[in-house]
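Everything on this sheet refers to the single structure shown next.
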Amino acid sequence: MAFITLTTDFGTKDHFVGAVKGAIYSELEDAKIVDITHEISPFNITETAYILKNSYKSFPKGTIHIIGVDSELSDENKHIALELDGHFFVCPDNGLISMIASEIKPTKIVEINIHDRIESSFPVLDVFVQVACFIARGGNLTVIGKEINEFKKIIEIQPKANQAETQIVGGIIYIDNYGNVITNISKKMFNDIGKGRNFKITAKKHSFTKIFSKYNEVATNSAYSNQQYEGHKLAIFNSAEYLEIAIYRSNLDTVGGASSLLGLAYRDTVVIDFVNQPEQEFTILN
1 MAFITLTTDF GTKDHFVGAV KGAIYSELED AKIVDITHEI SPFNITETAY ILKNSYKSFP
61 KGTIHIIGVD SELSDENKHI ALELDGHFFV CPDNGLISMI ASEIKPTKIV EINIHDRIES
121 SFPVLDVFVQ VACFIARGGN LTVIGKEINE FKKIIEIQPK ANQAETQIVG GIIYIDNYGN
181 VITNISKKMF NDIGKGRNFK ITAKKHSFTK IFSKYNEVAT NSAYSNQQYE GHKLAIFNSA
241 EYLEIAIYRS NLDTVGGASS LLGLAYRDTV VIDFVNQPEQ EFTILN
């Protein structure tokens with residue numbers, strides 16, 4: 001039984017998701033289809049990359065991931081299929097694979113070349129489904145395309161450290177359902193560059209000198225209920241081990257989220273300065 005996942009910006013109002021699933025079942029009756037999400041912000045490649053990186057590993061090796069975001073074929077936006085970390089990805093070559101492949105090199109990448117037999121304005125349905133089902137039947141990637149060595153890379157996904165390694169400059173790449181903002185700065189990069197030094201995080205006019213390991217650690221006084229701390233801002237390495245700026249017990253309908261309350265938006269800059277100050281002023285909580 002083949003596992004096939006779907007990640008798109010189609011939403012669920014229109015017929016697109018249903019049509020894609022129907023086409024898969026027509027080819028593979030015993031396929032197991034899993035929706036990762038269809039609520040990607042339209043054409044948002046960076047958001048797609050973040051969600052995909054933090055979901056694909058939960059699936060069994062051999063799973064095939066169809067990604068339908070900014071997938072219209074053009075000279076600048078080819079279609080590719082690749083094997084990476086024991087998984088297969090069928091997607092546009094628009095940079096969305098960058099976040100995964102920055103850490104794990106693909107085993108094989110091919111540029112899909114079956115388009116001369118198919119004319120379509122809906123490539124996820126007409127092309128990606130065929131390729132995914134071919135792979136699910138045990139087909140070799142080189143049959144559906146010519147092997148290539150490179151894929152497009154998104155520069156904004158990668159944070160940068162200065163030469164002296166006293167500063168990391170990153171940015172906000174995702175805003176979650178709670179309004180919390182996620183940066184492209186990983187815990188690994190923070191530890192590798194910081195080397196245990198004290199630090200200060202700056203995002204617009206807001207600064208943070210502690211990184212919590214759990215959200216409720218912001219409720220520091222046991223004499224008060226956790227509700228008393230609702231609305232407090234904090235920095236945390238989230239479950240995906242990326243630096244997140246959050247509002248404790250955020251609720252977009254009542255308290256608000258970090259994005260709205262702190263005025264932080266997609267692509268805003270986040271800076272970490274590593275400084276030599278008294279130990280008690282700058283702390284990472286373990």
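full-length UniProt numbering applies: residue 1 is where the sequence shown begins, and numbers increase by one.
Ideal placement from N, C-alpha and C gives every residue a C-beta, glycine not left out.
Quick caveat: nothing in here was measured; it's all calculated off a predicted structure.
Using a Cβ distance threshold of 7 Å, Thr7 and Thr46 do not count as a contacting pair. Tyr215 and Lys233 have their C-alpha atoms roughly 10 Å apart. Residue state for Ile4 is assigned as strand, using DSSP reduced to three classes. Of Ala161, Phe10 and Ile245, the smallest CA-CA separation from Ile40 is found for Phe10.
The beta carbon of Ala161 is closer than 6 Å to those of Ile168 and Ile193 in its chain, skipping five residues each way along the sequence. Taking C-alpha positions only, Gln130 is separated from Ala23 by approximately 9 Å.
Proximity to Asn94 across Asp70, Glu27 and Val17 peaks at Asp70, based on C-alpha coordinates. Checking the DSSP bridge columns, you'll see Leu262 has no partner listed.
DSSP places Ile67 in the uninterrupted beta strand (DSSP E) bounded by Ile64 to Gly68. Note that the C-beta distance between Ala19 and Leu125 is below 7 Å. For the beta strand (DSSP E) assignment, the uninterrupted runs of no fewer than 3 residues enclosed by the region 136-195 are, from N- to C-terminal side, 145-148, 167-175 and 181-186. Every unbroken stretch of the beta strand (DSSP E) spanning 3 or more residues and falling wholly within the region 54-100 is given here in chain order: 64-68, 79-84 and 87-92. Closest by C-alpha distance to Gly62, out of His79, His15, Leu52 and Thr5, is Thr5.
Per DSSP, Lys205 has no beta-bridge partner at all. The C-alpha of Phe151 lies about 42 Å from the C-alpha of Gly231.
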